[in-house]
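Participant: To convert, note that position 175 of the sequence shown is 174 in numbering that gives the first Met the number 0; the numbers rise steadily by one, no gaps.
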Amino acid sequence: MIIGFKKITKQRLTIMIDKILAKKLLVRSWPLILSGFMIMIYMRIDQIMLGEMVNDYEVGTYSAALKLSEIWYIIPTIVCNSFFPSIIEAKKLGEATYLKKIQNLFDILFFISFGIAVIVGIFSDNIINILYGDQYKDAAIILSIHIWTAVFVFLGVGSSNFFIIENLQIKTFTRTALGAVINIVLNLVLIPKFFAIGAAVATLISQFLSSYMFDLLSRKTYVLFKMKTKSYFPIHIIKRI
């Protein structure tokens with residue numbers, strides 16, 4: 000970035016470190032840093048537990064489905080990053096405008112994720128067969144289950160804008176930690192009985208609880224629960240129009 004700045008602007012660049020601001024940002028961002036580590040554990044613990052509790056075949060089958068399910072997770076990040084500046088501006092204009100902007104974000108995220116889940120779920124057999132071949136046919140049912148986590152992952156990422164603007168970063172870490180614990184517990188219960196399918200169901204349930212139901216636990220996040228719920232019912236969009 001420094002080289003690019005000098006090359007484009009032809010200006011000298013003086014780098015100064017603001018220790019007070021750096022400390023302030025670190026104090027506010029440590030929950031996000033820990034949340035990032037928790038997500039790394041969260042996203043891979045099911046594969047580790049499958050390998051320890053069942054066998055490598057189940058891990059391979061599950062991993063094949065996982066790649067096709069998680070590849071879509073970059074979309075909400077792109078959408079939320081593009082919305083973030085306008086949400087900040089809407090906050091300055093008043094609470095109603097601000098919440099309406101976030102509601103629009105949730106609506107978009109839901110429709111994209113729901114569309115992906117429906118299409119991938121319906122054609123999971125064909126997708127697995129084309130990309131991996133018949134030897135991975137057992138991954139199709141895992142994919143058809145796991146792809147529905149996208150709905151809650153998308154809406155969970157959408158919540159991040161609200162948490163940052165409202166200085167509720169600790170909620171991000173709490174939500175992620177809670178989801179990880181729930182996922183591990185459900186894996187212990189479901190994997191021995193249902194193998195890779197059990198791991199997929201455990202992930203789906205934990206995402207539902209951490210990315211959606213978690214908002215019921217605090218008065219500050221209850222508004223997110225209501226907006227996400229509205230996104231599930233397109234009739235509210237028609238009424239607004």
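All residues carry an ideal CB built from backbone N, CA and C; glycine is no exception. Here the structure is a predicted model, which is why all the values come from computation and not from measurement.
#1: Go to E57, then tell me how far its alpha helix (DSSP H) extends in each direction, as first and last residue.
#2: Following the continuous alpha helix (DSSP H) through E165, name the residue where it begins and the one where it ends.
#3: Among D214, T228, T202, which one has its Cα closest to the Cα of E69?
#4: Would K6 pass as an interface residue toward chain B - the criterion being a Cβ-Cβ separation below 7 Å?
#5: Given a threshold of 16 other Cβ atoms within 10 Å of its Cβ, counted over all protein chains shown, does E51 qualify as buried or as exposed?
#6: Roughly how many whole angstroms lie between the Cα atoms of R11 and L20?
#7: For the alpha helix (DSSP H) that contains S230, what are its first and last residues?
#8: Could you check what DSSP says for R174 in three-state terms: helix, strand or coil?
#9: How do the region 189–207 and the region 133–146 stand: do at least 3 beta-carbon pairs fall below 8 Å, yes or no?
#10: Just to confirm, is the Cβ distance from L24 to F172 under 7 Å?
#11: If we ignore side chains and look at the alpha-carbon of each, how far apart do I115 and L65 end up?
#12: Around the Cβ of F232, are there at least 16 other Cβ atoms within 10 angstroms (buried) or fewer (exposed)?
#13: Just mark Y56 as buried or exposed, buried being the case when its beta carbon has 16 or more other beta carbons within 10 Å.
#14: When you compare the region 95–112 with the region 208–227, are there three or more beta-carbon pairs, one atom per stretch, that lie closer than 8 Å?
#15: Could you tell me which of D106, K90, V150 sits nearest to I118, measuring between CA atoms?
#16: Do F153 and P84 come within 7 Å of each other at the CB atom, strictly closer than that value?
#17: Any idea if M39 is buried or exposed, counting beta-carbon neighbours within 10 angstroms, 16 or more meaning buried?
#18: With distances taken between CB atoms, is the gap from S209 to R174 smaller than 7 Å?
#19: Considering only C-alpha positions, which residue in the set Y211, Q168, T60 is nearest to R27?
#20: Rank N166, L185, V188, L187 by C-alpha distance to the C-alpha of W29 and give the top, closest one.
#21: Using a Cβ-Cβ cutoff of less than 8 Å, which residues in the same chain neighbour T8 once the five nearest sequence positions on both sides are dropped?
#22: Between L177 and F213, how many whole angstroms is the CB-CB distance? I'm expecting something under 8 Å.
Facilitator: Looking at the atomic coordinates:
#1: 55–69 is the extent of the alpha helix (DSSP H) around E57.
#2: Unbroken run through E165: none, as it is neither H nor E.
#3: For E69, the nearest C-alpha among the options comes from T202.
#4: No chain B appears in this structure, which consists of one protein chain only.
#5: Taking every protein chain shown into account, the CB of E51 has fewer than 16 other CB atoms within 10 angstroms, so this residue is exposed.
#6: In this structure, the straight-line span from the alpha carbon of R11 to that of L20 is close to 23 Å.
#7: In the DSSP assignment, S230 falls within the unbroken alpha helix (DSSP H) covering 221–230.
#8: Residue state, collapsed to three classes: helix.
#9: Contact holds: three or more Cβ-Cβ distances are below 8 Å.
#10: For the 7 Å CB-CB criterion, L24 and F172 do not form a contact.
#11: Distance between the alpha carbons of I115 and L65: 14 Å.
#12: The residue in question, F232, is exposed, as its Cβ has fewer than 16 Cβ neighbours within 10 Å.
#13: Using a 10 angstroms sphere on the CB of Y56, the tally of other CB atoms stays under 16, which defines it as exposed.
#14: Verdict: yes, contact present.
#15: Among D106, K90, V150, the Cα nearest to that of I118 belongs to V150.
#16: Going by C-beta atoms, P84 is not nearer than 7 Å to F153.
#17: M39 should be labelled exposed.
#18: In contact: S209 and R174 (Cβ atoms closer than 7 Å).
#19: Comparing Cα positions, the closest option is Q168.
#20: Residue N166 is the option with its Cα nearest to W29.
#21: The beta carbon of T8 lies closer than 8 Å to none in the same chain, with the five residues before and after it left out.
#22: Yes, L177 and F213 are in contact; Cβ-Cβ is about 6 Å, under 8 Å.
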